[in-house]
Amino acid sequence: MKTIAAVAGTFLILSTAAAVASEPENESVATCRYRYERVQEKVDRVIAKYGADSGHALKAKEKLAEVHEWCWRRYKGWWDENGKTWRSDHW
């Protein structure tokens, strides 16, 4: 009976530690996804209004690249809006 309690206690500790360890990853995905989606929406609006080759569109695309680099430097990953996935390769 003591063995079962010890195993259950160890499992509880390890599962709690795993949940705490995964929180920053979930936070990083949510943070980068939010920032990337917000800037991507702006890029889409600017392109619709001024055209894809306009100076406004180029600035908006540069901001999108900055968000990508920010996510990469901070979390070693980035949000792929097209695939709707978190990526760990560097563009």
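Residue numbers for the sequence shown, in the working numbering: 27 to 117.
Just so it is clear, CB atoms sit at the ideal spot from N, CA and C, and this is done for glycine as well.
Exposed is the label assigned to Y60, since fewer than 16 other Cβ atoms lie within 10 Å of its Cβ. Unbroken beta strand (DSSP E) stretches of 3 residues or longer found wholly inside the region 61-116: 104-106, 111-113, given in chain order.
By the beta-carbon neighbour count (other beta carbons within 10 angstroms, threshold 16), A91 is exposed. The C-beta of H94 has 16 or more other C-beta atoms within 10 Å across all chains shown, which makes the residue buried. Less than 7 Å divides the Cβ of W98 from the Cβ of W104.
Around the beta carbon of A86, a 10 Å sphere encloses 16 or more other beta carbons of the protein chains shown; the residue is thus reported as buried.
When the Cα atoms are used, E107 and E53 turn out to be separated by approximately 17 Å.
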